[in-house]
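Notes for the one structure printed next.
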Amino acid sequence: MSPRNTRTGATFERIIIPALEDQADFYEFFARGKRTRNNCRKLPDPFRSDRTHVLDILVKERASGAKIGISFKWQQSSGTAEEKIAFEFLRIAKFVERRQLDRGYIVLGGGGWTLKGYFLSSEFPKEFSSPGTSKVSVIDIETLITKINTRSL
2 MSPRNTRTGA
12 TFERIIIPAL
22 EDQADFYEFF
32 ARGKRTRNNC
42 RKLPDPFRSD
52 RTHVLDILVK
62 ERASGAKIGI
72 SFKWQQSSGT
82 AEEKIAFEFL
92 RIAKFVERRQ
102 LDRGYIVLGG
112 GGWTLKGYFL
122 SSEFPKEFSS
132 PGTSKVSVID
142 IETLITKINT
152 RSL
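Those letters in the sequence shown? Residues 2 to 154, per the working numbering, in order.
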C-alpha cells in the first residue's frame with residue numbers, strides 16, 4: 002500500500018492564488034509559498050495557549066481593512082478531513098470573537114467527502130452556539146472563486 006499524498010491541500014491553495022492575484026487592487030493576501038511579513042497568518046490558538054495556528058490564506062480587503070481567514074480541506078479519498086471540519090469551524094469562530102478575523106471560510110474540495118452536503122448546508126452551523134459562528138461559512142471551491150471574482154469575500 003502506497004502512502005497517502007498529504008500535500009494535496011497545498012495544491013488546492015495554489016489554485017486560489019491566481020484568482021486573488023487578479024483582484025490585487027481590491028485584496029491583499031498572505032499564503033503559503035508567498036512572502037509574508039511578520040508571520041501574519043499565525044494566530045494564537047484559542048484552545049491551546051502555548052501554540053499558534055497558521056491560516057492557509059489570510060486576505061485583507063484593501064479599502065476596509067477587513068481580515069478574512071481561509072482554511073482549505075481536501076478529501077480525495079476516505080480519510081480524516083471530515084473529522085476536522087467542526088473543530089476548524091470553532092477555531093475560526095473564536096478568531097472572529099477575539100477580533101483577530103472579521104470573518105472566515107472553510108473551503109471543501111475533492112470528491113472523497115461523504116458529509117459534504119451536510120457541511121455546505123445551512124444546518125451545519127446551527128450545531129454551534131459560539132457567537133462567532135455567524136461569521137464563518139463552509140463553501141466549495143467554486144463558491145470561493147466566485148466570491149473572489151465578485152469582490153464579495
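Glycine included, each C-beta is placed from N, C-alpha and C at the ideal position.
The three-state reading of DSSP puts P45 in strand, counting E and B together. Its Cα nearest to that of E62, the residue L102 stands out among P132, L102 and I93. Beyond the five residues adjoining it in sequence on each side, H54 comes within less than 6 Å, by CB distance, of L44 and D46 in the same chain, given in chain order.
Just measuring C-alpha positions, the residue of T134, S50, F48 and I69 sitting nearest A32 is I69. Shortest Cα-Cα distance from S130 to any of F90, C41 and Q77 involves F90. The segment 51-95 is shown to contain whole beta strand (DSSP E) runs of 3 or more residues at 53-55, 58-62 and 68-75, in chain order. Using a C-beta cut-off of 8 Å, the segment 18-27 makes no contact with the segment 66-83, since fewer than three inter-stretch Cβ pairs fall below that distance. In the DSSP annotation of this structure, the continuous segment of the alpha helix (DSSP H) that includes F120 starts and ends at K117 to L121.
Within the model, the alpha-carbon separation for A94 versus R49 is close to 15 Å.
The beta carbon of S123 sits closer than 6 Å to no other beta carbon from its chain once the five residues preceding and following it are set aside.
Leaving aside the five residues that flank S78 on each side, the residues in its chain whose CB is nearer than 6 Å to its CB run, in chain order, G113. One Cα belongs to L59, the other to Y119, and the distance between them is close to 26 Å. Taking a 10 Å sphere around the C-beta of D57, we find 16 or more other C-beta atoms and assign the residue as buried. By the criterion of a C-beta distance shorter than 7 Å, A82 is surrounded in its chain by K74, W75 and Q76, once the five residues flanking it on both sides are discounted.
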